[in-house]
Every structure is written in C-alpha cells, then in structure tokens.
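So the sequence lines, in the order shown, correspond to chains A and B. The working numbering applies: residue 23 is where the first sequence begins, and numbers increase by one. The working numbering applies: residue 23 is where the second sequence begins, and numbers increase by one.
There are 2 protein chains.
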Amino acid sequence: MQVYLSDMDFTKEDSAGYLVNHMARLFARDLQQRISPLGIVVGQFPILLELWQKDGVSQKELLGKIDVEQATLANTLNRMERDSLVKRTKNPTDARAQLIWLTEKASGIRAEAYEAAQTVNAQALAGLSAEEQRQFLDLMHRVISGMRQE
Amino acid sequence: MQVYLSDMDFTKEDSAGYLVNHMARLFARDLQQRISPLGIVVGQFPILLELWQKDGVSQKELLGKIDVEQATLANTLNRMERDSLVKRTKNPTDARAQLIWLTEKASGIRAEAYEAAQTVNAQALAGLSAEEQRQFLDLMHRVISGMRQE
DNA sequence: TAATATTGCATAGCATGCTATGCAAGTGTA
DNA sequence: TACACTTGCATAGCATGCTATGCAATATTA
C-alpha cells in the first residue's frame, strides 16, 4: 500500500513528534503515581538521581549532568528545599556558588525510587521483546544525539 | 558484555522514561522555533490539526480526538481565543455546549504549519534509515497503546 | 412533575519547563 | 588599583499539563 502525503494532509499517528509528546506524558503520569507515596514529584527525579550518586555539589556541576535549563534547575531546587529534600550551603571558596546536599529524607527513599522507575520502564516496554527494547533505546539515543546539536 | 543492575544503580541513559522525556522536550523546542513565526505555539498544534480537518465542533468532540485532559483543552482554547485563532459560539440545541470555529488567521497558516511539523520530524529522524524510521514509529505506537490502558 | 443524576465546560491551584533578565561575586586587564 | 568582563545563581513571566472542584443545563427517574 502506498500512502500519499500532500500538504493538505497530516496524520498525527505518523508524526514522530506527536507520538513522542504523548508517550512522554504517559511515562510522567505513571512515574508520578508510583513516586508520590515517597513524597517526591517527577521533575525532582533527575536531580535526585544525580545527588544520590554524589551530593555536596554546586548548582553548576549539577546542571552539567541534567538536561534542563539553569532556571528550571534553580526553581526545582527551590521546591525541593521547601519540601525538605535538599539543603543549600555556601561554598566557602566562592560566595556566588552553593553546595547542594540531600537531606536524610531524600537519601532514605533511594532504593524505593529506583524500583518505582524501573517498574514503570518495565511495564511500559512490556509489549516489546528484549531485542525490540534494545532497539527502542538505541533509536532514541540516536534521535536525541542528532537533535541536541541542531 | 553483561551489565548488572542492582538497586544501587540507575543509569539515565538506559531509562526509557528519561530518554522519552528528553526527546519530547527537544521536539517541542524545534517545533516551537519553526511555528512561532506563524503566531502559534506548540500546545495549540494538536488542536489546530483537528480543527483544520473539521471545525464548528463542540469541545467534547474535540476532546475525543486529542490526548489531553478536558481542563487542558479548555485552557488552551482560552489562549487561542485570546490570540484570535478560534471563536466560540453557543450550540443552539444545547446551551451547555459550544461550537468552536477557526478564524481566518488560523485557517490561513495550515499549509505552513504542516510543513513546519514535517520538517521537524524529518530532521529529527534524519539519522535513521527509512526502515528504522518505520520501526521507531511502530515501537512508539505499541508502547503508547500498552500504556494507555494501565 | 419534582427530585436526582449526569453532562459540558470553566476555573483554581499546582508542577514543569522555557526565555529573558538582573545582580552580586569573582576574574582579568589596563 | 580601577575598570570591564564573566560567572553563578535567582527571579519574572509565560505556556503546557495535570487533578480537583464548581456550576449551570440537560437528562433520567421516582
């Protein structure tokens, strides 16, 4: 079957952008449901992932590891501080900079948060074979690296 | 190579959810850049797609074709009305309902908007072969349909 | 028909993300 | 040292999306 696309035709279901957007909201919805019992929200997740690896870092260092803009990070950190997930201290060697530390509350939910995310990922990809799952991740990596530079 | 994932390990780059979220923001960024000269923004795009097919519909009918919540649609329609993209009239046979109509301004940018979206999609997938592009869309469809029901 | 339930839409309040901008603290240079 | 430049972060203002809630109009049921 041959499908002709004219400038008078646009099919959402054939649009990568439309599908990506929809899929992202489904992932966020599922992850939010699973992590809300832990007292965190989805936007905090990438930040927590990095701080669980290493805290006591500057906002700049954190920013280098996370794919959001600086203002987005600063705002999310504000909410995390409000929610007692992080504390900010002055950097003794640079008064402009800060050091960001996890609270015990945030440290304590690490294993459960990992599990929540892995469960969401596993369920989302449950309809794909192991080989298809690898392909899917690979394709996404390639699309992302192509788009980052543009 | 065998990779062991423990509960003390979580790699963003292996997380479908993380990649999907990042990719969605890259798509939105690129589309926004291309359509802003047309006087529209990305959230309006799915709504316009449907209204270009058929306008004079109720909000409920529109909602059935778009994958967002009712409140999101109502808010986006408010901004579109503010920006002179749509007009709302009363439904003569049901005073609760409304009919949503495109303005001439919105009708006139259809071809350019289609082209913008198709260019974004094409560029995003430029690093994939035709067969890989088909696979990618197919995998996304399957992931989405699996997640919608959960 | 009167009471109740449902429907169609609007609004409030919030999180996430962006761009643009401001500003104090550091760095470099004349 | 004085000046300009850069850096690290905060804030304003906006769009997008969500859940929860309100409310008038319609539909249903007793």
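Note that CB positions come from ideal geometry on N, CA and C, so glycine has one too.
For D52(A), the enclosing alpha helix (DSSP H) covers residues A38 to I57.
For the stretch 49-61 of chain A, the set of residues with a beta-carbon nearer than 8 Å to any beta-carbon of chain B comprises F49, A50, D52 and L53, in chain order.
Not one beta carbon of chain B lies nearer than 9 Å to the beta carbon of P114(A).
For E154(A), the residues of chain B that pass the 7 Å Cβ criterion are L161, in the order they occur in the chain. Annotated as distal: I62(B) and L95(B), with beta-carbon spacing of 9 Å or more. Separation of R164(B) and E153(A) (C-alpha to C-alpha, rounded to the nearest whole angstrom) is 14 Å. Under the Cβ criterion (8 Å, minimum of three pairs), the stretch 48-55 of chain B does not count as touching the stretch 81-95 of chain B. Short of 8 Å from the beta carbon of Q75(A), and not among the five residues preceding or following it, lies no beta carbon of its own chain. The Cβ of K109(B) sits no closer than 9 Å to any Cβ of chain A. Its Cα nearest to that of S167(A), the residue A146(B) stands out among Q140(B), A146(B) and L107(B). For Q140(B), the uninterrupted alpha helix (DSSP H) segment begins and ends at R132 to A146. Out of D160(A), Q140(A), R156(A) and A133(A), the CA that lies nearest to the CA of L60(A) is found in A133(A). In terms of beta-carbon proximity, L124(B) stays away from the interface with chain A, with every pair separated by 9 Å or more. Closer than 9 Å to the CB of K76(A) there is not a single CB belonging to chain B.
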